[in-house]
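**Q** The opening position of the sequence shown corresponds to residue 1 in my numbering, with each subsequent residue numbered one higher. Quick reminder that beta carbons are idealized off the backbone N, C-alpha and C, glycines included. Below you'll find the structure I mean.
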Amino acid sequence: MTLLPHPVTGHPFASPVPPGEGWPDDPATATTRVARTAAGVRRLAATDDPATLAARISVCHACPRLVAWREEVAATKRAAYADQPYWGRPVPALGPPDAPVLIVGLAPAAHGANRTGRNFTGDRSGDWLYAALHRAGYASQPDSTHAGDGLTLHGARIVAPVRCAPPQNQPTTEEKATCAPWFSADLAISEPHVTAILTLGSIGWDATIAGARAAGWQIPRPKPRFGHGARATLNTATGREVTLVGSYHVSQQNTFTGRLTQAMLDDVIASLEG
């Protein structure tokens, strides 16, 4: 087994990284319970403890295609990162559970979060997102290169409807359904505190509405349509109002073509407080 040094700590790891081996911010241990089926996900997602939830998410093996893909990418690597270990596991939420802002993405990038073990970390999408969050006061620094680099979030929490890197960035309908209880559990943890939810892309928008509806939230009818800057008011099961805000995803396809500009992203993030 080949061991390679972590870019920040220098500690050697295999790819993918076994739980409990000392990877920065790894929430799991060698004894963390592992979901291996959709029923297992539903059972293990039934916790209101953020640390337990993050640990269980980070070792999930419920989707055979995604497990095979994330581990193949971790073993073969991109040439630019051939000297680094790859996380190669599902990616849990990032940020304080009591944050008033919840940011919903799509899924880990194969050579981004699947490599670094942290949402939107180690790729161009993260460069854009964290720079904008830093400008708005939500992130402690403008860049996010690897777990253990000192980044912390203030008042914002980042989750994804799908926790493993999917081939061609396209999870199947079945995979999204299998992963949904993890998202629902994260939404339940955020619910007492969240005032605004920013979704990056239409998949995050739809997943948020579906998760909120499943949790007994009141959703406007007809269903709110996604768009950059789109807004809707959701009402939690306890009667609290939460503002749903849409943004184009910070994908390279959108940022390189100018469909999403820094000013557009700054404006939509600023609107979360209003």
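1. Evaluate contact between the stretch 122-132 and the stretch 221-241, counting only Cβ atoms and requiring at least three cross-stretch pairs below 8 Å.
2. Going by C-alpha distance, which of GLY95, GLN84 and ALA79 is nearest TRP8?
3. Answer with buried or exposed for THR178, where buried requires no fewer than 16 other C-beta atoms within 10 angstroms of its C-beta.
4. Would you call the CB atoms of LEU187 and HIS249 closer than 9 Å?
5. List the residues that DSSP assigns as beta-bridge partners of VAL8.
6. Residue range of the beta strand (DSSP E) that VAL242 falls in?
7. For PRO145 and THR236, what's the separation of their Cα atoms in angstroms?
8. At 3 residues or longer, and completely inside the stretch 190-214: list those beta strand (DSSP E) runs for me, N to C.
9. Can you list the beta strand (DSSP E) stretches of 3 or more residues lying completely in the stretch 122-148, in chain order?
10. Do you know how far the Cα of SER271 is from the Cα of THR261?
11. Taking the CB atoms as reference points, tell me whether GLY117 and VAL17 lie closer together than 9 Å.
12. For ALA35, which of GLY10, PRO64, VAL159 and PHE13 has the nearest alpha-carbon?
13. Going by DSSP in three states, ASN235 sits in which element: helix, strand or coil?
14. Helix, strand or coil for PHE183? Go by DSSP, reduced to three states.
15. With a 10 Å radius around its C-beta and 16 neighbouring C-beta atoms as the bar for buried, classify ARG259 as buried or exposed.
16. Using DSSP's beta-bridge definition, name the partner residues of PHE226.
17. Could you give the distance in angstroms between the alpha-carbon of ALA28 and the alpha-carbon of ALA55?
18. Please report the straight-line C-alpha distance between ALA210 and LEU153, rounded to a whole angstrom.
19. Can you give me the C-alpha to C-alpha distance between ALA212 and ALA160, rounded to a whole angstrom?
20. Measuring straight from C-alpha to C-alpha, what distance separates PRO220 and THR238?
21. According to DSSP, is LEU272 helix, strand or coil?
22. List the DSSP bridge partners of ALA156.
23. Throw me the rounded Cβ distance for the LEU53 and SER190 pair, which I believe falls under 8 Å.
24. Give the straight-line distance between the Cα atoms of ASP266 and THR2, rounded to the nearest whole angstrom.
25. How would you write the range of the alpha helix (DSSP H) that ASN114 sits in, first residue to last?
26. Can you give me the start and stop residues for the alpha helix (DSSP H) that ALA74 sits inside?
27. So GLU42 is in the alpha helix (DSSP H); what residue range does that whole segment cover?
**A** Let's see:
1. no
2. Stepping through the sequence shown from its first residue, residue 8 is reached at position 8. Before going further, note that residue 8 is Val rather than Trp in the sequence given. Here the closest residue by C-alpha is GLN84.
3. Position 178 of the sequence shown, counting from 1, holds the residue named residue 178. Buried.
4. One-based indexing of the sequence shown puts residue 187 at position 187. One-based indexing of the sequence shown puts residue 249 at position 249. Not closer than 9 Å, so no.
5. By one-based count along the sequence shown, residue 8 stands at place 8. DSSP lists no partner for VAL8.
6. Taking the sequence shown and counting its residues from 1, the one referred to as residue 242 is at position 242. It spans 241-247 - the beta strand (DSSP E) in which VAL242 sits, taken as one unbroken run.
7. In the sequence shown, the residue the question calls residue 145 occupies position 145. In the sequence shown, the residue the question calls residue 236 occupies position 236. Checking the displayed sequence, the identity of residue 145 turns out to be Thr instead of Pro. The straight-line gap from Cα to Cα measures roughly 35 Å.
8. 196-200
9. none
10. Start at 1 with the first residue of the sequence shown, and residue 261 comes out as number 261. Start at 1 with the first residue of the sequence shown, and residue 271 comes out as number 271. When rounded, the distance between both Cα atoms is 16 Å.
11. What you label residue 117 is simply residue 117 of the sequence shown in a count that begins at 1. What you label residue 17 is simply residue 17 of the sequence shown in a count that begins at 1. Yes; because the gap between Cβ atoms is below 9 Å, this pair is in contact.
12. In the sequence shown, residue 35 corresponds to position 35, counting from 1. Out of GLY10, PRO64, VAL159 and PHE13, PRO64 has the C-alpha closest to the C-alpha of ALA35.
13. On the sequence shown, position 235 is the one that residue 235 refers to. Strand at ASN235.
14. Here the question's residue 183 lines up with position 183 in the sequence shown. Helix, per DSSP.
15. By 1-based counting over the sequence shown, the position of residue 259 is 259. It is exposed - the Cβ of ARG259 has fewer than 16 other Cβ atoms within 10 Å.
16. Residue numbering aside, residue 226 sits at position 226 when the sequence shown is read from its first letter. For PHE226, which the question treats as bridged, DSSP gives no partner whatsoever.
17. Along the sequence shown, one-based indexing puts residue 28 at 28. Along the sequence shown, one-based indexing puts residue 55 at 55. Cα-Cα distance, rounded: 4 Å.
18. Residue mapping note: residue 210 aligns to position 210 of the sequence shown, counting from 1. Residue mapping note: residue 153 aligns to position 153 of the sequence shown, counting from 1. Between ALA210 and LEU153, the C-alpha separation is close to 26 Å.
19. Here the question's residue 212 lines up with position 212 in the sequence shown. Here the question's residue 160 lines up with position 160 in the sequence shown. Each residue's Cα considered, the two are about 14 Å apart.
20. Position 220 of the sequence shown, counted from the start, is the residue given in the question as residue 220. Position 238 of the sequence shown, counted from the start, is the residue given in the question as residue 238. PRO220 and THR238: Cα-Cα distance of roughly 16 Å.
21. As a working mapping, residue 272 is identified with position 272 in the sequence shown. LEU272: helix per DSSP, three-state reduction.
22. The count along the sequence shown starts at 1 and reaches residue 156 at position 156. Beta-bridge pairing links ALA156 to VAL101.
23. Here residue 53 corresponds to residue number 53 of the sequence shown, with the count starting at 1. Here residue 190 corresponds to residue number 190 of the sequence shown, with the count starting at 1. Going by Cβ atoms, the distance from LEU53 to SER190 rounds to 11 Å, so no, they are not a contact pair.
24. As a working mapping, residue 266 is identified with position 266 in the sequence shown. As a working mapping, residue 2 is identified with position 2 in the sequence shown. Their Cα atoms are separated by approximately 42 Å.
25. For the purposes of this step, residue 114 is taken as the residue at position 114 of the sequence shown. Segment 113-116, the alpha helix (DSSP H) holding ASN114.
26. As a working note, residue 74 is residue 74 in the sequence shown. Run containing ALA74: 64-76, per the alpha helix (DSSP H) assignment.
27. In the sequence shown, residue 42 corresponds to position 42, counting from 1. The question names Glu, yet the displayed sequence has Arg at residue 42. Where ARG42 is concerned, the enclosing alpha helix (DSSP H) stretches over 38-44.
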